[in-house]
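Heads up, the thing below is written out as structure tokens.
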Ligand SMILES: NC(=O)c1ccc[n+]([C@@H]2O[C@H](COP(=O)([O-])OP(=O)(O)OC[C@H]3O[C@@H](n4cnc5c(N)ncnc54)[C@H](O)[C@@H]3O)[C@@H](O)[C@H]2O)c1
């Protein structure tokens, strides 16, 4: 596998996806700078180092990004939380990442989320340039991140690959994930292509495997030369009936996140 010519920073390295990326890219010999507010729970790969840092500490982030060619930004709050809990890591922290990218002339690969469009109905197929319909403060913070990517490209030429990740787990767990599942192997290939592609500008890609039930259509995957190889389809017989009893969760693409704190009539 081709190796990145400059160091690659991975935020959120101690999280579920971060650990997977650290292991797989580490095995391939990538020059990784792993970082997280939590200790790294695994052996640090040979060509990597781990530096503990809070995304809210702008000086620490600038320092650990010195010399980086790519920042894989997977750190921060990853589920729906109250506004005040999301604000620091996902908004101020994101700003620190983009300031570091600007200074280093680095590319950002941003772990965005399907929750930026969660309040679209499941019956509406979406292209990547569809309207934002965030389903909570978490999704809203990711929409802010996607717009941050636009701003830093238009004003400073910082390139971004925005990964609108669906549900990235070892296996799909319910009927909704038959549409939204992204396998770990497809994620690793996606991040690899996003890092090694020649020129990307701002590219937005649905982070989902080749699922027949997908809600999502056109995106910028051709820009980085990525195609998913896995699919949730084989899990359909086991999972198709695994639905919740919440009409809000079942109606919208964002699923259970839409139902959190929902105060409209649920009928
Ligand atoms: N797993 C999925 O299906 C999925 C879907 C959509 C988007 N994403 C996004 O992908 C990324 C990784 O997801 P995950 O499932 O591995 O989440 P995770 O919660 O397991 O990992 C997030 C990591 O960020 C770290 N973090 C939190 N606040 C921090 C701070 N202030 N400073 C430094 N580090 C901090 C945490 O310690 C954690 O290790 C997240 O940005 C998430 O929003 C994931």
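Residue numbers (our numbering): 940 to 1206.
All residues carry an ideal CB built from backbone N, CA and C; glycine is no exception.
- Rounded to whole angstroms, the separation of the alpha carbons of residue 966 and residue 943 is 14 Å.
- Distances taken from the Cβ of residue 1053 to the heavy atoms of ligand 1 include one shorter than 7 Å.
- Residue 1093 sits away from residue 1193, with the two beta carbons spaced by 8 Å or more.
- Between residue 1103 and residue 1055, the gap from beta carbon to beta carbon is short of 8 Å.
- Here the alpha carbons of residue 1014 and residue 1087 stand approximately 16 Å from one another.
- Counting of Cβ neighbours within 10 angstroms places residue 1105 among the buried residues, the total reaching 16 or more.
- Per DSSP, the beta-bridge partners of residue 1099 are 1047, 1141.
- Taking C-beta atoms as the reference points, residue 1076 and residue 1021 count as a pair closer than 8 Å.
- Taking C-beta separations shorter than 6 Å and ignoring five residues to either side along the sequence, the partners of residue 1122 in its chain run 1148, 1169, following chain order.
- Within the DSSP secondary-structure output, residue 1104 pairs in a beta bridge with 1052, 1146.
- Using a Cβ-Cβ distance cut-off of 8 Å, the segment 959 to 974 and the segment 1109 to 1128 are in contact, since at least three pairs of beta carbons, one from each stretch, lie closer than that value.
- CA-to-CA, the gap between residue 1204 and residue 998 works out to about 46 Å.
- Residue range 988 to 991 is occupied by the beta strand (DSSP E) that includes residue 988.
- In this structure, residue 994 keeps its C-beta atom at 8 Å or more from the C-beta atom of residue 946.
- DSSP lists no bridge partner for residue 969.
- Taken from the Cβ of residue 1148, every heavy atom of ligand 1 lies 7 Å or farther away.
- DSSP, reduced to helix, strand and coil, places residue 1010 within a strand of the structure shown.
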